[in-house]
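Q: Going by the working numbering, the letters in the sequence shown line up with residues 37 to 275, in that order. From the three backbone atoms N, C-alpha and C, an ideal C-beta is built for every residue, glycine too. This structure is in C-alpha cells; I'll ask about it shortly.
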Amino acid sequence: MPLDFRIAGLGDDAVDYLAAWDLQREVHASVVDGAGDTVLLLEHPPVFTAGKRTDPHERPVDPGGAPVIDVDRGGKITFHGPGQLVGYPIVRLPDHVKVVDYVRRIEEALIAVCADFGVTTARVPGRSGVWLRADERGPERKIAAIGLRVSRGVTMHGFALNCDVDLGWYDRFVPCGIADAGVTSLTTELGHDVPVAEVLPSVEKHLTELLAWRAYDATPDYEPRPEPPRIPLVTPTAV
C-alpha cells in the first residue's frame with residue numbers, strides 16, 4: 037500500500053506543535069488499528085522541543101517567546117519553525133526492519149533530497165541526522181534532525197529539514213546537545229531562497245522509495261564523532 041502524504045499546514049497555516057502532536061496520536065491509533073501508513077508534512081510556528089535525553093544546560097535561557105515543550109521522543113532538544121519542513125512518518129515497521137534501520141532510511145531519504153538540490157551530505161556515525169562536512173565555509177553542520185518514537189510497532193515523530201529557516205533561533209540553545217558543530221539550511225548553502233514548498237516533491241519521492249523497505253545502497257559516512265558526554269545532575273547536599 038503506498039504512503040499517504042498529508043500536508044497538515046504550511047506557511048500561514050503552520051500547525052501549533054501541540055495540535056500536531058494530537059494529530060499524530062490520532063493517526064498513530066488508526067495505523068495501529070490497520071489503516072495505511074501516513075506521512076504528515078507541515079511547518080510549525082517557532083517552538084523548542086526537548087526529547088528524553090535533554091540536559092538542563094541545553095535548554096534555551098531566553099527562548100525568544102517560543103514555547104519549550106517536553107516530548108516523548110528520543111534525542112535531545114531541537115527547534116522547529118517557519119522555513120523548516122517537518123515530517124512525521126507514522127508507519128508500521130515490518131518485522132525484519134529494526135529501529136536503527138528505519139532511522140538510517142529516513143537519513144538516506146534526506147541525503148537524497150539534499151543531493152537533488154546540489155548539496156552534498158552524509159551521516160556522521162555517533163550523531164544522528166544529516167550533515168555537511170567541515171569546509172572553508174565552516175565546521176561540520178547539521179541540515180536535518182531526526183527524533184522518533186515507536187509504539188506498538190508504529191512510528192511517531194520524525195525529521196526536520198532546514199529549507200529556509202531563520203538560523204538565528206539556533207543561537208539560543210545547544211542544538212541536539214552538540215556544541216562543537218554548526219547548523220545550516222538549503223538556503224544558506226545555496227545562496228538563494230529554497231522554500232519548503234519547493235522541497236516537498238523531492239521529499240515525497242525519496243521517502244516513498246526508502247520506506248518501501250527494499251534494499252538500498254547507503255551513502256558513505258563521514259568520519260565518526262563521539263556524542264558529547266552527558267552532564268550529571270548534581271543534587272545539592274546539606275551542610
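Use the C-beta contact count for D48: other C-beta atoms within 10 angstroms, 16 or more gives buried, fewer gives exposed.
A: Flag for D48 reads exposed.
Q: Output the residue ranges of the beta strand (DSSP E) runs that lie fully inside the region 121–163 and measure 3 residues or longer, sorted by chain position.
A: Fully enclosed beta strand (DSSP E) runs of 3 or longer: 158–160.
Q: When you compare the CB positions of G154 and L226, do they come within less than 8 Å of one another, or not?
A: Yes, the pair counts as a contact, with Cβ atoms nearer than the cut-off.
Q: Round the Cβ separation of L54 and V122 to the nearest angstrom and send it over; I've been treating them as touching at under 8 Å.
A: That belief does not hold up - the Cβ atoms of L54 and V122 are roughly 14 Å apart, past 8 Å.
Q: Within 10 Å of its beta-carbon, does K112 have 16 or more other beta-carbons around it, so buried, or fewer, so exposed?
A: K112 comes out buried.
Q: Which residue wins for smallest C-alpha separation from P175, given the options A65, A217, F41?
A: Comparing Cα positions, the closest option is A217.
Q: Report the partner residues of V167 according to the DSSP bridge assignment.
A: Val is not the amino acid found at residue 167; the sequence shown has Trp there. Note: W167 sits in a beta bridge opposite A158, K178.
Q: Nearest to T74 by alpha carbon, out of M37, P103, D106?
A: Here the closest residue by C-alpha is M37.
Q: Alpha carbon to alpha carbon, what distance is there between P256 and P103?
A: So the alpha carbons of these two residues sit roughly 37 Å apart.
Q: Hey, is H64 close to the ligand HEM, as in C-beta under 7 Å from one of its heavy atoms?
A: Because no ligand of any kind appears in the structure shown, any question about the ligand HEM cannot be addressed here.
Q: As a quick exercise: from W205, V232, D229, pick the residue whose alpha carbon is nearest that of V83.
A: The residue with the shortest Cα to Cα distance from V83 is W205.
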